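Let me begin by presenting the structure, written as structure tokens, before commenting on it.
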Amino acid sequence: MCSKQQVDWSECSLVEIKPRVQSGAPVLRGTRMPANAIVDNFDYGVSVDEIAEQFEISTGCVEAILAYAKSHRVAHPVR
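Take any residue in the sequence shown, count from 1 to its spot, add 587: that is its number in this note's numbering.
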């Protein structure tokens, strides 16, 4: 994945955007965990298992976020 591109999280059921949570950044639903942190860590070479352990989420969740991000990259920010 190319970290210079952004992800359109608008259709991801695992992610929510709330103005009062992390300044409106996309986070895992029900948490304050930025979805982009998962993608960024993976882009920097951190394994799925390491990400899951680091953020205390399932490997399935990490894999689902990464699969969604890979298929929803956009060249320009979505507003």
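Don't be surprised by glycine CBs; every beta carbon is placed ideally from N, CA and C.
Here the structure is a predicted model, which means the values were calculated and not measured.
Practice task
Would you mind working out which of Thr646, Ala639, Trp596 and Glu640 sits nearest Arg616, comparing C-alpha positions?
Solution key: The residue with the shortest Cα to Cα distance from Arg616 is Trp596.
Problem - 8 Å Cβ cutoff met for Val649 and Ala639 - result: yes
Handout entry: Any alpha helix (DSSP H) of 4 or more consecutive residues that is wholly inside the segment 611-659
Key = 622-630, 635-642 and 646-658
Exercise for the section: Just mark Ala622 as buried or exposed, buried being the case when its beta carbon has 16 or more other beta carbons within 10 Å. Expected result: By the Cβ-count criterion, Ala622 is buried, with 16 or more other Cβ atoms from all chains shown falling within 10 Å of its own Cβ.
Practice task
Pull up the DSSP beta-bridge partners for Val661, would you.
Solution key: Per DSSP, Gln593.
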